[in-house]
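The next block holds one structure in the form of structure tokens; read it before the comments.
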Amino acid sequence: MSEDLIYLDANATTPVDPEVLEAMLPFFQNDFANAASFSHAPGRKASDAVEQARENVAKLIGAEVKDIIFTSGATESINLALKGYAEFNFKGEETIVSSPLEHKAVIEAVEYLSEKYQVEYIKVNSSGEVDLNSLREILLKQKCLVSIQHANNEVGSVNNLREIGIMCRHYGSILHVDAAQTAGKVGIDVEKMCIDLLSLSAHKIYGPKGVGALYVRRRNPRIRLTKQMYGGKQEREYRPGTLNVPGIVGLGKAAELASKRMLADEEKINKLTEKFKQVLSTELPDVIFNGPAGKGLPGNLNFTVPGLDARELLCELPQLAMSTGSACTSELSEPSHVLRALGIVGDKALATLRVGINRFNTVEEIDRAVELLVNKVIDIRQKTARVEHLP
Ligand SMILES: Cc1ncc(COP(=O)(O)O)c(C=O)c1O
């Protein structure tokens, strides 16, 4: 990435922390053995490193070590959790419950399951949080598998997992949480929050891409899944295949750093986010901030600049790496399903931008980014006004 580029797309992915990279490198080089090769010392060393990573990930979310299954990322974890749970446990009368603001990984998996099982969607409020009364109404009727995101990847709304978890447990339903945006950034305790299944990803917490984890509760209640792949006996047979040792070590290191730095990171990132927001709203008073008015996902800002074409703006600002919506849908020119569900449609949706601030961003970068953005908006607006006044 060029030095003068300002990276503000932390929801899509975060830069790899140098300490994470350093921890991974030996496992590409000298310590390259297969973690399943117990017959020799290098194999056992790789296996020990994987188990250390498992401990770090478990600690991050208050889980038991054996309950962590390594996967290729949150998408795979979500598929294993939802398809695996429904296929193993459902007898016909149960329902899958989700929200319209979920990531495509959940939406598509639920859509697939809807061919066989009943599906219901919880209402969300205008800030993007799930409506607990709507959830209660559904849970009262039948036992469910509930899949809820901890935080939304576009507007940064954060759901109250403790209340959701306690409610699901009370009504005998099972809770899967998509914590791709929060694990390592917002405190999670699977015991206190009564979470049964949880998906997370390394590349959102300064780890490498292509590795993640699924938490599968083994006690109170014991969760059992139908495996989605066939092969060896790795990862309690839920995830056969040779383990990605460098990636898992990277995830473990990222989790260890996150456990230590979460509060300091949050404080720094919140200050930078507040600065961005404050300057932007002073310089462009008509900007509308979407998502939660109060505490949301640290570092996330989603805003609409009335009258603007967000794509055009970003094309004219190659120094800024920002997003017009979720990275998974940003190649499409239609507004994302999240914005649509929140009633941000038409020109408003196309004038919407997302900023994601990470632990390595500096005050200087934020000052420069917001200055570039404001100047470009003013410039575009002046040009548009001149064209409109042509005879
Ligand atoms: C909320 C959420 N869930 C799931 C995913 C998918 O994660 P992964 O890229 O690890 O498959 C993402 C990634 O953007 C996300 O933001």
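Residue 1578 in my numbering is what sits at position 268 of the sequence shown, and the numbering runs on without skipping anything. Quick reminder that beta carbons are idealized off the backbone N, C-alpha and C, glycines included. All of these numbers come straight from a predicted model, not from anything done at the bench.
Item, Value
"Distance cut-off 6 Å: residue 1324 Cβ against heavy atoms of ligand 1", "no"
"Same chain, Cβ closer than 8 Å to residue 1602, five either side skipped, listed in chain order", "1437, 1438, 1439, 1465, 1466, 1467, 1468"
"Contact belief for residue 1544 with residue 1553 at Cβ below 8 Å, rounded distance in angstroms", "6 Å"
"Same chain, Cβ closer than 7 Å to residue 1324, neighbours up to 5 away in sequence not counted", "1513, 1514, 1515, 1516, 1668"
"Ligand 1 heavy atom lying under 6 Å from the CB of residue 1488", "yes"
"Opening and closing residue of the alpha helix (DSSP H) in which residue 1423 lies", "1414-1423"
"Whole-angstrom C-beta distance between residue 1678 and residue 1633, which should lie under 8 Å", "So it is not a contact: roughly 18 Å between Cβ atoms."
"Pairwise C-alpha distance: residue 1550 and residue 1400", "24 Å"
"Identity of the residues DSSP links to residue 1509 by a beta bridge", "1488, 1524"
"Neighbourhood of residue 1559 by C-beta, 7 Å cutoff - its chain only, sequence neighbours within 5 removed", "1333, 1334, 1337, 1359, 1363"
"Any non-hydrogen atom of ligand 1 closer than 6 Å to residue 1460 Cβ", "no"
"Ligand 1 heavy atom lying under 6 Å from the CB of residue 1415", "yes"
"Short Cβ contact (7 Å threshold) for residue 1597 with residue 1607", "no"
"Buried versus exposed call for residue 1349 [16 or more other C-beta atoms within 10 Å across all chains shown]", "exposed"
"Proximity to residue 1585 [Cα-Cα], best of 1616, 1652, 1676", "1676"
"DSSP beta-bridge partners of residue 1633", "1664"
"Alpha carbon of residue 1484 to alpha carbon of residue 1473, nearest angstrom", "14 Å"
"Cβ pair count under 8 Å reaching 3, the segment 1574-1584 against the segment 1372-1383", "no"
"Assigned secondary structure, residue 1654 (DSSP; H/G/I helix, E/B strand, else coil)", "coil"
"Inter-residue spacing [alpha-carbon to alpha-carbon] between residue 1639 and residue 1351", "Note that residue 1639 scores a pLDDT of 47, beneath 50, so its modelled location is shaky; the value from the coordinates is reported in the next line. If you take the alpha carbons of residue 1639 and residue 1351, they lie about 45 Å apart."
"Sequence ranges, alpha helix (DSSP H) only - wholly within the segment 1574-1627, length at least 4", "1620-1625"
"Nearest to residue 1434 (by Cα), restricted to the options 1698, 1470, 1414, 1418", "1470"
"Continuous beta strand (DSSP E) stretch holding residue 1381: start and end", "1378-1381"
"Status (buried if at least 16 other CB within 10 Å, exposed otherwise) for residue 1636", "With a pLDDT of 41 at residue 1636, under the threshold of 50, the modelled position of that residue is not reliable, and the figure given next carries that caveat. Per the 10 Å Cβ criterion, buried."
"Residue 1633 Cβ short of 6 Å to ligand 1 heavy atom set", "no"
"Buried/exposed call for residue 1315, threshold 16 Cβ in 10 Å", "exposed"
"Cβ neighbour criterion (16 or more within 10 Å) applied to residue 1540", "exposed"
"Proximity test, residue 1383 beta-carbon vs ligand 1 heavy atom, cut-off 6 Å", "yes"
"Integer-rounded CB distance, given that residue 1494 should sit under 8 Å from residue 1384", "So it is not a contact: roughly 12 Å between Cβ atoms."
"Check: residue 1538 C-beta below 6 Å from any heavy atom of ligand 1", "no"
"Nearest-angstrom Cβ-Cβ length linking residue 1487 and residue 1455, presumed shorter than 8 Å", "Contact doesn't hold; Cβ gap of about 12 Å is too wide."
"Where the beta strand (DSSP E) containing residue 1455 begins and where it ends", "1454-1459"
"beta-carbon residue 1491 near ligand 1 non-hydrogen atom, thresh 6 Å", "yes"
"Residue 1613 versus residue 1620: straight-line alpha-carbon distance, rounded", "10 Å"
"Coarse secondary structure for residue 1408, derived from DSSP in three states", "strand"
"For residue 1692, the first and last residue of its enclosing alpha helix (DSSP H)", "1673-1698"
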